[in-house]
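All remarks here apply to the structure that follows.
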Amino acid sequence: MNDAALGVPQRRTATLDQALWVPLGVALALFAVLYAKPAYLLVRDWTNFDNPDSGTGLLLAPLAFWFAFQTGVKEVRKPAIGLAVAFLLAAIGIRYVADLAAELFTLRVSMLIGAAGLILWFFGVRQLLAWWLPFVLLGLAIPLPELVIAKLTAPLQLIASRIGASLIEWRHIPVMLNGNVIRIPGHDLFVAEACSGLRSLTALVNLGVLLGAMLLAKPWSRISLLVLAVPMAILINGFRIFLTAFLVYFVSPEAGSGFMHTTEGWLMFVIAFASLGAVASVLLYIEGRQAARGKAPVQDVDHG
Amino acid sequence: MAELTRFVPAVILAAGLGLLGLTHDQVRPTPVRPIASILDTVAGFDTKQLEVDSSSRRVAGMDEYVNRVFLRDTNYVFSLYVGYYTYQTQGKSIHSPRNCLPGAGWEPVESAVLPIASAPGIGSRDMNKYILANQGAYAAVYYWYQGRGRIESNEYTVKYNLMRDAALYGRTEEALVRLVIPLDTRGDRSQEVIRREITRADSIATSLAPRLAREVSAALPPAPQG
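Protein sequences, first through last, are from chains R and Y.
For what it's worth, the numbering used here labels the leading residue of the first sequence as 110, then goes sequentially.
For what it's worth, the numbering used here labels the leading residue of the second sequence as 64, then goes sequentially.
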């Protein structure tokens, strides 16, 4: 399958007005100096393997640049000067305040806003829209603030615990749920923060964006894929909790920790990825059917 | 596009660099009274000072702190930590106990927000409460952020105020105030015993918090004017 079939935009190159080379070069140099610290801190987080939550950036960022390269520069250049200035001023303001308050997420987001400002000035709105996917991927590559992670983790832990306990009950194993502690005969299973499923949820959302951009063409199908990725991740994580309890009860208490638990986690992760791929395929099929229906010749109807 | 207007983005970015140069001119107010003097005695309790080792201090980044255990008949009843930061910047800022405490096997199982009665200053004047569990052991943690005239429990509001005050007054000094109360379940993990112990911990925290907030307020620099 070639890139065109995958929905990847075909590379188009346009020549930038030579008079803009020097202003662009100067602006890029200043941008690099201004954002050297946020960029360094971002790469440092991506490569901090003690915190695997941030590591997806190592995959997403190169992909973003590759997609930007593949898309290339549009031929029609109509700079959006007012919007560009607004973006650049906003980026500077956020960069300044976020630095003062040591707020990493907004500091990093300001880098994207600044980049968008430069694109708007030198290439125009159409170029920014053409590079939506690289921008979305770079946005996803920015680790969520700890506060947001903490806020999301607790409810996800409880949901996963509830789903797990319901499935255990369904299999006629006596179970008592106390917050995120699942009690089965002889064992207390603690659904820890790491089991909240947030990591698999973010991974599935990232994959949903990639699959949506590469395979699907319609906004509704791309959004559907993203929306479906959320309950899928939650349900599969709940099933993982059930599987752990099932194995602990029937096989060995060691299934609740260590190598077996990790392997089981990876297995569920692969299943989640495959499931999302399957959903994307169904959406692709529906899109195909709709396209075929749209192209079908109008049948003569005999009203006779 | 006129020759010079092409350089507008470069001019804006250069202005941004200039603005960043001002970041280092932040005010770094020191406490009015030593942080170690906060809640130095509580009637009916013996106290024991705990040192934070140098590597943990470097990671936490606080400029002054008090870390004190309160004992009754040699039994650990509760502990107090107040960490004060004269200024906050990248690599030197208050870490939320919500993210730091659940290390070493401790996991939050319950959370709530409790009011601090007759607390001084402005802000929500609430404290966060977390019940943590670790292999059958439980502890209640109560904490809030205090500084620049505010007492705040909501960490988003804390961040917003930090950015606002940094931009308006060049001030980011703040203290994290934290009480930890172990729940004495004696191995009994029944709901009844845990609930009873949480109620006891709440009672200790809510009775101490107003005095603690006032003493912290008296030790910290006055709120910025304007």
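Beta carbons: idealized from backbone N, C-alpha and C, even for Gly.
Interface flag, residue i vs chain Y, CB-CB below 7 Å
i: Pro362(R); result: no
i: Ala136(R); result: yes
i: Glu396(R); result: no
i: Tyr205(R); result: yes
i: Ile350(R); result: no
i: Arg317(R); result: Reading off the sequence, residue 317(R) comes out as Gly, not Arg. Taking Cβ atoms only, chain Y never reaches closer than 7 Å to Gly317(R), which makes this a no.
i: Ala259(R); result: yes
i: Ala210(R); result: yes
i: Ala301(R); result: yes
i: Trp230(R); result: yes
i: Gly288(R); result: yes
i: Val252(R); result: It should be pointed out that residue 252(R) corresponds to Pro in this sequence rather than to Val. With 7 Å as the cut-off, Pro252(R) does not count as an interface residue toward chain Y.
i: Phe140(R); result: yes
i: Leu221(R); result: no
i: Pro132(R); result: yes
i: Met201(R); result: The sequence as given places Ile at residue 201(R); Met does not occur at that position. Answer yes: the Cβ-Cβ gap between Ile201(R) and chain Y drops below 7 Å somewhere.
i: Leu256(R); result: yes
i: Leu298(R); result: no
i: Leu320(R); result: no
i: Leu192(R); result: no
i: Leu197(R); result: yes
i: Leu151(R); result: no
i: Leu237(R); result: no
Strand pairing of residue i, partner residues [DSSP]
i: Thr110(Y); result: Phe133(Y)
i: Val90(Y); result: Arg234(Y)
i: Pro245(Y); result: Ala202(Y)
i: Trp207(Y); result: Val240(Y)
i: Asp189(Y); result: Pro178(Y)
i: Ile214(Y); result: Gln209(Y)
i: Asn138(Y); result: Arg135(Y)
i: Ala196(Y); result: Glu170(Y) and Tyr201(Y)
i: Thr152(Y); result: Lys155(Y)
i: Leu143(Y); result: Arg131(Y) and Leu242(Y)
i: Lys404(R); result: Lys404(R) pairs with nothing; no bridge assigned.
i: Gly233(R); result: Lys187(R)
Residue i versus residue j - alpha carbon distance
i: Pro94(Y); j: Glu373(R); result: 52 Å
i: Ala381(R); j: Ser390(R); result: 14 Å
i: Pro287(Y); j: Trp375(R); result: 52 Å
i: Ala387(R); j: Trp240(R); result: 27 Å
i: Leu256(R); j: Lys404(R); result: 50 Å
i: Pro341(Y); j: Ile251(R); result: The structure shown does not extend to residue 341(Y), since chain Y is modelled only from 64 to 289, so the question has no answer here.
i: Lys192(Y); j: Val204(Y); result: 6 Å
i: Asp126(R); j: Ile222(R); result: 24 Å
i: Ile145(R); j: Val131(R); result: The identity of residue 145(R) in the sequence shown is Ala, whereas the question assumes Ile. Distance between the alpha carbons of Ala145(R) and Val131(R): 21 Å.
i: Gly288(R); j: Glu173(Y); result: 8 Å
i: Ile261(Y); j: Tyr144(Y); result: 20 Å
i: Ser216(Y); j: Tyr208(Y); result: 6 Å
i: Leu320(R); j: Tyr219(Y); result: 33 Å
i: Thr156(R); j: Pro273(Y); result: 44 Å
i: Leu356(R); j: Glu170(Y); result: 23 Å
i: Asp411(R); j: Arg402(R); result: Legend: pLDDT at Asp411(R) = 44, less than 50; position of this residue unreliable, no value from coordinates given.
i: Ile75(Y); j: Ala138(R); result: 13 Å
i: Pro283(R); j: Ala312(R); result: 33 Å
i: Gly347(R); j: Ala269(R); result: 4 Å
i: Leu113(Y); j: Leu310(R); result: 41 Å
i: Ser219(R); j: Leu286(R); result: 43 Å
Test: residue i CB closer than 7 Å to a CB of chain R
i: Ile75(Y); result: yes
i: Leu225(Y); result: yes
i: Glu236(Y); result: no
i: Arg69(Y); result: yes
i: Gly79(Y); result: yes
i: Lys222(Y); result: yes
i: Glu260(Y); result: no
i: Ala229(Y); result: yes
i: Glu170(Y); result: yes
i: His287(Y); result: For the record, residue 287(Y) in the displayed sequence is Pro; it is not His. No - not a single Cβ of chain R is within 7 Å of the one on Pro287(Y).
i: Ser118(Y); result: no
i: Ser156(Y); result: yes
i: Arg339(Y); result: Only positions 64 to 289 of chain Y appear in this structure, which leaves residue 339(Y) out of reach.
i: Gln151(Y); result: yes
i: Pro92(Y); result: no
i: Pro72(Y); result: yes
i: Leu275(Y); result: no
*Inter-stretch contact (C-beta, 8 Å, three-pair minimum) for the segment 221 to 236 of chain Y and the segment 138 to 155 of chain Y*: yes
*Only counting runs of 3 or more residues, tell me where the beta strand (DSSP E) segments fall wholly within the segment 272 to 358 of chain R, in order along the chain.*
Qualifying beta strand (DSSP E) stretches, in chain order: 285 to 287, 290 to 293 and 296 to 299.
*Does the pairing of the segment 126 to 135 of chain Y with the segment 223 to 238 of chain R give three or more beta-carbon distances under 8 Å?*
no
*Is the segment 250 to 261 of chain Y touching the segment 175 to 182 of chain Y in the sense that three or more CB pairs, one from each, lie closer than 8 Å?*
no
*Per the contact definition of three or more C-beta pairs closer than 8 Å, is the segment 198 to 207 of chain R in contact with the segment 173 to 183 of chain R?*
no
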